[in-house]
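Chemist: Here it is, the structure in full.
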Amino acid sequence: MLAIYDTSTNFLNVHEWAYGVTEVIHIACMALGIGLIALLDLRLLGVNVGGATPERLVRATMLGSIVGLVLAITTGMMIFSTDPIRYVHHPAMQFKIVVLMAALAFNFTIHNRIAKRGDPAGAGYLVAGISLLLWVTVVFSGLFYAFT
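Right under this line is the structure:
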(Lines of atoms letter the chains of each structure in order from A and count residues from 1; the text may use other names and numbers.)
(Lines give C-alpha, C1' and ligand atoms only; values in the text may rest on other atoms or scores of the structure.)
Protein backbone atom coordinates (compact mmCIF):
# COMPACT_ATOMS: atom_id res chain seq x y z
CA MET A 1 0.00 0.00 0.00
CA LEU A 2 1.29 3.45 -0.92
CA ALA A 3 1.65 5.77 2.06
CA ILE A 4 1.08 9.47 1.43
CA TYR A 5 3.19 11.88 3.45
CA ASP A 6 1.06 14.38 5.39
CA THR A 7 2.87 17.73 5.36
CA SER A 8 0.18 19.44 7.45
CA THR A 9 1.77 18.16 10.66
CA ASN A 10 5.35 19.02 9.73
CA PHE A 11 6.84 21.41 12.30
CA LEU A 12 8.26 23.68 9.59
CA ASN A 13 4.87 23.94 7.88
CA VAL A 14 2.92 24.57 11.07
CA HIS A 15 5.01 27.18 12.92
CA GLU A 16 5.28 30.58 11.30
CA TRP A 17 9.01 31.23 11.80
CA ALA A 18 10.32 27.66 11.71
CA TYR A 19 10.81 27.37 7.95
CA GLY A 20 12.53 30.75 7.63
CA VAL A 21 14.87 30.10 10.54
CA THR A 22 15.75 26.67 9.16
CA GLU A 23 16.47 28.20 5.75
CA VAL A 24 18.75 30.83 7.30
CA ILE A 25 20.64 28.15 9.24
CA HIS A 26 20.90 26.06 6.05
CA ILE A 27 22.44 28.94 4.10
CA ALA A 28 24.80 29.93 6.94
CA CYS A 29 26.03 26.35 7.31
CA MET A 30 26.57 26.06 3.56
CA ALA A 31 28.57 29.28 3.70
CA LEU A 32 30.71 27.85 6.51
CA GLY A 33 31.31 24.44 4.96
CA ILE A 34 31.73 25.51 1.35
CA GLY A 35 33.54 28.71 2.30
CA LEU A 36 36.27 26.81 4.13
CA ILE A 37 36.64 24.43 1.19
CA ALA A 38 36.86 27.41 -1.18
CA LEU A 39 39.56 28.94 1.04
CA LEU A 40 41.64 25.81 0.59
CA ASP A 41 40.90 25.85 -3.16
CA LEU A 42 42.19 29.41 -3.39
CA ARG A 43 45.40 28.31 -1.65
CA LEU A 44 45.75 25.44 -4.12
CA LEU A 45 45.37 28.00 -6.92
CA GLY A 46 48.35 29.89 -5.48
CA VAL A 47 46.64 32.62 -3.46
CA ASN A 48 48.59 33.29 -0.27
CA VAL A 49 46.11 32.60 2.56
CA GLY A 50 47.75 33.91 5.73
CA GLY A 51 51.02 32.25 4.80
CA ALA A 52 49.55 28.80 5.46
CA THR A 53 50.64 25.82 3.42
CA PRO A 54 47.89 23.75 1.77
CA GLU A 55 48.52 20.82 4.13
CA ARG A 56 48.26 23.08 7.16
CA LEU A 57 45.15 24.74 5.80
CA VAL A 58 43.40 21.42 5.12
CA ARG A 59 44.02 20.37 8.74
CA ALA A 60 42.88 23.75 10.08
CA THR A 61 39.64 23.84 8.07
CA MET A 62 38.62 20.16 8.09
CA LEU A 63 36.49 20.20 11.26
CA GLY A 64 34.73 23.46 10.35
CA SER A 65 33.93 22.28 6.84
CA ILE A 66 32.59 18.95 8.13
CA VAL A 67 30.43 20.64 10.78
CA GLY A 68 29.11 23.17 8.24
CA LEU A 69 28.31 20.51 5.65
CA VAL A 70 26.68 18.12 8.15
CA LEU A 71 24.46 20.91 9.48
CA ALA A 72 23.67 22.12 5.94
CA ILE A 73 22.65 18.61 4.92
CA THR A 74 20.61 18.15 8.10
CA THR A 75 18.72 21.41 7.66
CA GLY A 76 18.36 20.63 3.94
CA MET A 77 16.66 17.37 4.83
CA MET A 78 14.37 19.26 7.22
CA ILE A 79 13.43 21.66 4.41
CA PHE A 80 12.97 18.69 2.06
CA SER A 81 10.45 17.23 4.53
CA THR A 82 8.12 20.21 4.05
CA ASP A 83 7.12 19.02 0.55
CA PRO A 84 9.01 15.82 -0.33
CA ILE A 85 6.92 14.96 -3.38
CA ARG A 86 7.71 18.28 -5.07
CA TYR A 87 11.40 18.11 -4.14
CA VAL A 88 11.83 14.53 -5.40
CA HIS A 89 10.29 15.30 -8.79
CA HIS A 90 11.94 18.67 -9.43
CA PRO A 91 14.80 18.42 -11.98
CA ALA A 92 16.91 21.14 -10.32
CA MET A 93 16.72 19.33 -6.98
CA GLN A 94 17.57 15.99 -8.58
CA PHE A 95 20.57 17.62 -10.23
CA LYS A 96 21.61 19.30 -6.96
CA ILE A 97 21.60 15.99 -5.07
CA VAL A 98 23.72 14.26 -7.75
CA VAL A 99 26.24 17.13 -7.83
CA LEU A 100 26.26 17.35 -4.02
CA MET A 101 27.14 13.65 -3.74
CA ALA A 102 29.89 14.10 -6.34
CA ALA A 103 31.25 17.19 -4.55
CA LEU A 104 31.30 15.44 -1.17
CA ALA A 105 33.01 12.36 -2.57
CA PHE A 106 35.54 14.47 -4.49
CA ASN A 107 36.26 16.75 -1.53
CA PHE A 108 36.92 14.03 1.03
CA THR A 109 39.02 11.87 -1.29
CA ILE A 110 40.99 13.40 -4.16
CA HIS A 111 40.75 17.04 -3.06
CA ASN A 112 42.05 16.51 0.45
CA ARG A 113 44.70 14.01 -0.69
CA ILE A 114 46.15 16.54 -3.16
CA ALA A 115 45.96 19.35 -0.59
CA LYS A 116 47.85 17.27 2.00
CA ARG A 117 50.64 16.69 -0.53
CA GLY A 118 51.30 20.41 -0.34
CA ASP A 119 52.13 20.96 -4.01
CA PRO A 120 49.86 23.78 -5.20
CA ALA A 121 51.06 23.48 -8.80
CA GLY A 122 49.88 21.05 -11.45
CA ALA A 123 47.33 18.71 -9.91
CA GLY A 124 46.48 21.31 -7.26
CA TYR A 125 45.22 23.75 -9.88
CA LEU A 126 43.06 21.13 -11.56
CA VAL A 127 41.65 19.80 -8.28
CA ALA A 128 40.87 23.30 -6.99
CA GLY A 129 39.11 24.20 -10.24
CA ILE A 130 36.99 21.06 -10.19
CA SER A 131 36.15 21.58 -6.52
CA LEU A 132 35.06 25.19 -7.04
CA LEU A 133 32.98 24.20 -10.07
CA LEU A 134 31.22 21.43 -8.13
CA TRP A 135 30.41 23.59 -5.08
CA VAL A 136 29.24 26.58 -7.14
CA THR A 137 27.00 24.20 -9.08
CA VAL A 138 25.52 22.86 -5.83
CA VAL A 139 24.69 26.36 -4.63
CA PHE A 140 23.23 27.57 -7.93
CA SER A 141 21.15 24.46 -8.51
CA GLY A 142 19.58 25.08 -5.09
CA LEU A 143 18.84 28.64 -6.15
CA PHE A 144 17.32 27.40 -9.42
CA TYR A 145 15.02 25.19 -7.39
CA ALA A 146 14.02 28.04 -5.09
CA PHE A 147 13.06 30.33 -7.96
CA THR A 148 11.25 27.87 -10.23
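Be aware that the sequence shown starts at 42, since it is given in our numbering, and climbs by one per residue. Using N, Cα and C, we set each Cβ at its ideal position, and we do this for glycine too.
Report yes if the C-beta distance between Y128 and Y186 is below 9 Å; otherwise report no.
Modeler: It is a contact, given that the beta carbons lie within the stated cut-off.
Chemist: Which residue's Cα is closest to the Cα of V180: L98, E57, L53 and I75?
Modeler: Selected option, being the one with the closest Cα: I75.
Chemist: Put V90 into one of helix, strand or coil per three-state DSSP.
Modeler: The answer is coil: DSSP assigns V90 none of H, G, I, E or B.
Chemist: Select from L174, T48, L73 and F188 the residue whose C-alpha is nearest the C-alpha of P132.
Modeler: Cα-wise, what sits closest to P132 is F188.
Chemist: Indicate whether the contact test is met: 3 or more Cβ pairs, each with one atom in the region 96 to 108 and one in the region 148 to 163, closer than 8 Å.
Modeler: Taking 8 Å as the limit for Cβ pairs, the verdict is that the region 148 to 163 does touch the region 96 to 108.
Chemist: What are the boundary residues of the alpha helix (DSSP H) that F52 is part of?
Modeler: Per DSSP, F52 belongs to the alpha helix (DSSP H) from F52 to V55.
Chemist: Can you say whether H130 is buried or exposed, counting buried as having 16 or more other CB atoms within 10 angstroms of its CB?
Modeler: H130 comes out exposed.
Chemist: Express the C-alpha separation of L85 and I171 in angstroms, rounding to a whole number.
Modeler: Approximately 12 Å, taken between the alpha carbons.
Chemist: Taking the straight line between their C-alpha atoms, what separation do you get for H56 and S182?
Modeler: So the alpha carbons of these two residues sit roughly 27 Å apart.
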